[in-house]
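S.K.:
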Amino acid sequence: MPSFFSNKRLIVLLVCIIILVALIGYSMSERRSLSWPEQFLTDSIGWVQSGFSRPAHFAAGFFESVNDMRNIYEENQVLKSHLDEYAALQVELTELRRVNEELKDSLDMSENLYDYTVRSALVIHRSPDRWNEYIGINKGGQDGIEENMAVMTSSGLIGKVHQVSQFSSTIQLLSDQDHTNRISAFADNGEPTYGFIEGIHEESGYLQFTKIDIDAELEEGQMVVTSGLGGIFPRGLPIGEIVYFEPDEFGLSQTAFIEPAADFRQLDSVLVIERGASSLEPDIDPEAEGGE
Amino acid sequence: MMRKYSLFLVLFVLFIIEGTVFQIFAPDQFGSDLLFIPRWSFMLIIFAGIFRGRGTGTLYGVIFGIMFDVIYSALLGIYTFAMGLLAYLLSISIPFFQRNLPAAVFLTITAVILLEYFLYGMMLLLGMTAIPHQEFLYSRFLPSLAMNFFVLAAAAYPLRKWFEYIKRNEDDGLL
């Protein structure tokens with residue numbers, strides 16, 4: 000290969016490096032929403048990806064159910080014993096709800112931090128190189144998804160909406176290492192202890208719950224839930240349980256390590272939470288299907 | 000018509016499978032500490048570069064680099080640059096590599112190694128990761144490399160047959 004790096008090629012290479020740096024700078028800028036070519040590409044490929052993901056989830060689910068069948072008997076026994084408890088709880092819940100409504104009415108409180116709307120979405124891709132913890136879902140701006148909404152599975156919070164396209168969007172999981180990935184949360188032991196969930200601790204694999212007041216009394220096994228103080232998340236979505244805690248390196252605050260309630264692996268469908276009126280999307284509302 | 004775009008179609012399907020089907024059945028989804036990162040479409044691009052010429056390799060490298068950047072990556076430009084440049088540099092379409100299949104496999108694996116290290120370097124530089132080199136090497140680089148090598152070694156012979164078939168048809172003026 001004579002003149003492998005001739006003058007012309009060298010110039011092209013330099014121009015490419017300049018474009019690379021410019022693009023990285025552009026995409027690292029804060030609060031950037033997707034430009035229309037990106038939206039077009041993500042949406043059209045997202046459509047193909049749903050076609051591939053759906054049968055794959057189905058197959059994975061099938062193997063899982065075969066596995067589950069072995070424990071059905073024991074599970075059934077346990078569930079039966081819970082059933083009586085459930086009836087009593089149900090009565091108590093309706094009673095409490097009614098009292099709560101009355102009290103709220105008397106105080107003229109129209110909405111609170113706990114109310115939210117739920118939309119369900121299918122996970123269509125996960126970034127294969129794992130340098131980031133992003134997953135894609137098949138609902139976007141047209142379905143009412145907005146940036147920074149909370150995303151959870153039935154067992155707990157998993158992350159927030161990162162970028163929204165028209166018919167698909169990207170979710171940043173709690174385990175992502177980006178330093179802007181931060182969620183306001185609190186541990187509840189009678190009085191709330193506030194702090195931030197900041198990514199995953201490399202060595203232990205637990206979520207880090209940082210910037211807790213040094214005087215706060217933490218206990219192992221305490222539930223940590225979202226605080227709703229960030230303005231976009233509702234209050235009270237479960238995140239996980241405290242496994243252990245320690246003072247931080249300067250001794251000014253405490254850091255707790257949290258076992259996440261939700262499993263970040265094996266995600267197939269997720270729930271996107273919008274704070275506001277408490278209602279369910281019609282197609283997953285059990286009451287809308289069942290009764291009337 | 001179909002044959003002319005068959006390479007693009009196969010690449011596209013591989014690209015989609017890497018992010019969807021493979022991720023659902025990936026070993027780390029079942030609790031394995033080792034990460035297996037598929038680079039199938041990238042390997043096929045280098046292979047196509049060796050057998051079909053530098054232009055083809057670079058073009059597909061850039062196209063799929065852009066798709067990877069927009070869809071899976073948080074930062075634009077990294078994959079476009081890396082895949083484009085590596086496809087350009089390593090698409091050495093001389094008869095030595097075309098006749099000697101192990102050499103072609105070796106060249107392609109070299110490209111994968113360079114890509115992985117380029118990405119690790121960029122992520123360290125931009126502060127997107129803080130994992131030490133030791134961990135990168137043992138839990139991420141070596142398992143992925145082994146997996147990619149076995150896939151490529153199994154696919155190399157059929158791939159060469161396929162490229163020869165396309166070439167023969169082109170020479171006959173069938174396309």
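Read top to bottom, the protein sequences are chains A and B. With numbering that gives the first Met the number 0 applied, the first sequence corresponds to residues 0 to 291, in that order. With numbering that gives the first Met the number 0 applied, the second sequence corresponds to residues 0 to 174, in that order. Note that the Cβ used here is the ideal one computed from N, Cα and C, for glycine as well. Note that the structure is a prediction, hence the values are computed from the model and not measured.
What ranges does the alpha helix (DSSP H) occupy inside the stretch 147-221 of chain A, keeping only unbroken runs of at least 4 residues that lie completely in it?
M.R.: Uninterrupted alpha helix (DSSP H) stretches at least 4 residues long and entirely within the stretch 147-221 of chain A do not occur.
S.K.: Closest to residue 18 of chain B by CA distance: which of A:49, A:275, A:104, A:175 is it?
M.R.: A:49
S.K.: Taking the continuous beta strand (DSSP E) assigned at residue 135 of chain A, which residues delimit it?
M.R.: 133-136
S.K.: May I ask which residues mark the beginning and end of the alpha helix (DSSP H) holding residue 61 of chain A?
M.R.: 35-68
S.K.: So the alpha helix (DSSP H) residue 123 of chain A belongs to, where does it begin and stop?
M.R.: Careful: residue 123 of chain A lies outside any alpha helix (DSSP H), inside the beta strand (DSSP E) at 115-125.
S.K.: Quick one: measure Cβ to Cβ for residue 144 of chain B and residue 112 of chain B, integer angstroms, because I've assumed they're closer than 8 Å.
M.R.: 7 Å
S.K.: Return the CA-CA distance between residue 137 of chain A and residue 152 of chain A, expressed in angstroms with no decimal places.
M.R.: Going by C-alpha positions, residue 137 of chain A is about 15 Å away from residue 152 of chain A.
S.K.: Do residue 47 of chain B and residue 55 of chain B have their CB atoms nearer than 8 Å?
M.R.: yes
S.K.: Taking only three categories from DSSP, how would you classify residue 290 of chain A?
M.R.: Annotation note: pLDDT 35 at residue 290 of chain A (below 50); position unreliable, coordinate value reported separately. It is coil, neither helix nor strand.
S.K.: Could you tell me the distance, in whole angstroms, from the CA atom of residue 273 of chain A to the CA atom of residue 152 of chain B?
M.R.: 49 Å
S.K.: According to DSSP, is residue 239 of chain A helix, strand or coil?
M.R.: Strand at residue 239 of chain A.
S.K.: For the stretch 74-156 of chain B, list the alpha helix (DSSP H) runs that are entirely contained and at least 4 residues long, ordered along the chain.
M.R.: 77-89, 94-98, 100-124
S.K.: Between the beta-carbon of residue 135 of chain A and the beta-carbon of residue 238 of chain A, is there less than 8 Å?
M.R.: no
S.K.: To the nearest angstrom, how far is the alpha carbon of residue 63 of chain B from that of residue 219 of chain A?
M.R.: 48 Å
S.K.: Residues of chain A with a CB under 7 Å from the CB of residue 10 of chain B: which are they?
M.R.: Contact of residue 10 of chain B with chain A by beta-carbon distance below 7 Å is absent, the smallest such distance being about 13 Å.
S.K.: Residues of chain A with a CB under 8 Å from the CB of residue 17 of chain B: which are they?
M.R.: 127
S.K.: If I'm right that residue 271 of chain A touches residue 129 of chain A with Cβ under 8 Å, what's the distance once you round it to whole angstroms?
M.R.: The beta-carbon separation of residue 271 of chain A and residue 129 of chain A, rounded to 23 Å, does not stay under the 8 Å limit for a contact.
S.K.: Pick out whichever of A:185, A:141, A:182, A:157 has its Cα sitting closest to the Cα of residue 165 of chain A.
M.R.: The residue with the shortest Cα to Cα distance from residue 165 of chain A is A:141.
S.K.: Less than 8 Å between CB atoms is the rule here; does residue 69 of chain B satisfy it with respect to chain A?
M.R.: yes
S.K.: DSSP on residue 255 of chain A, reduced to helix/strand/coil?
M.R.: In the three-state scheme derived from DSSP, where H, G and I count as helix and E and B as strand, residue 255 of chain A is classed as strand.
S.K.: Consult DSSP for residue 270 of chain A and reduce its assignment to one of helix, strand or coil.
M.R.: strand
S.K.: Is the distance from the Cβ of residue 91 of chain B to the Cβ of residue 49 of chain B below 8 Å?
M.R.: In contact: residue 91 of chain B and residue 49 of chain B (Cβ atoms closer than 8 Å).
S.K.: Can you pull the chain B neighbours of residue 19 of chain A, defined as C-beta to C-beta under 8 Å?
M.R.: 76, 77, 79, 80
S.K.: Please state if the CB of residue 211 of chain A and the CB of residue 253 of chain A are separated by a distance shorter than 8 Å.
M.R.: Contact flag set, yes.
S.K.: Is the number of C-beta pairs between the stretch 72-88 of chain B and the stretch 17-27 of chain A that are closer than 8 Å three or more?
M.R.: Contact holds: three or more Cβ-Cβ distances are below 8 Å.
S.K.: Within 10 Å of its beta-carbon, does residue 139 of chain B have 16 or more other beta-carbons around it, so buried, or fewer, so exposed?
M.R.: buried
S.K.: Going by the CB atoms, is the gap between residue 43 of chain B and residue 10 of chain B shorter than 8 Å?
M.R.: yes
S.K.: Return the chain-ordered list of same chain residues with a C-beta closer than 7 Å to the C-beta of residue 10 of chain A, the five sequence neighbours on each side being excluded.
M.R.: none
S.K.: CB-CB under 8 Å to residue 251 of chain A, same chain, minus the five flanking residues each way: which ones, in chain order?
M.R.: 213
S.K.: Just the C-alpha distance for residue 145 of chain A and residue 233 of chain A, rounded to the nearest angstrom, thanks.
M.R.: 14 Å
S.K.: Cβ closer than 7 Å: which chain A residues qualify as neighbours of residue 128 of chain B?
M.R.: 130, 176
S.K.: Listed in chain order, which residues of the stretch 34-49 of chain A have Cβ atoms closer than 7 Å to some Cβ of chain B?
M.R.: 37, 40, 41, 44, 47, 48
S.K.: With DSSP collapsed to three states, give me the class of residue 26 of chain B.
M.R.: helix
S.K.: So, does the CB of residue 76 of chain A fall closer than 8 Å to a CB anywhere in chain B?
M.R.: no
S.K.: So with Cβ pairs under 8 Å, would you call residue 133 of chain B a contact of chain A?
M.R.: no
S.K.: Residues of chain A with a CB under 9 Å from the CB of residue 101 of chain B: which are they?
M.R.: Simply none; closest approach about 22 Å.
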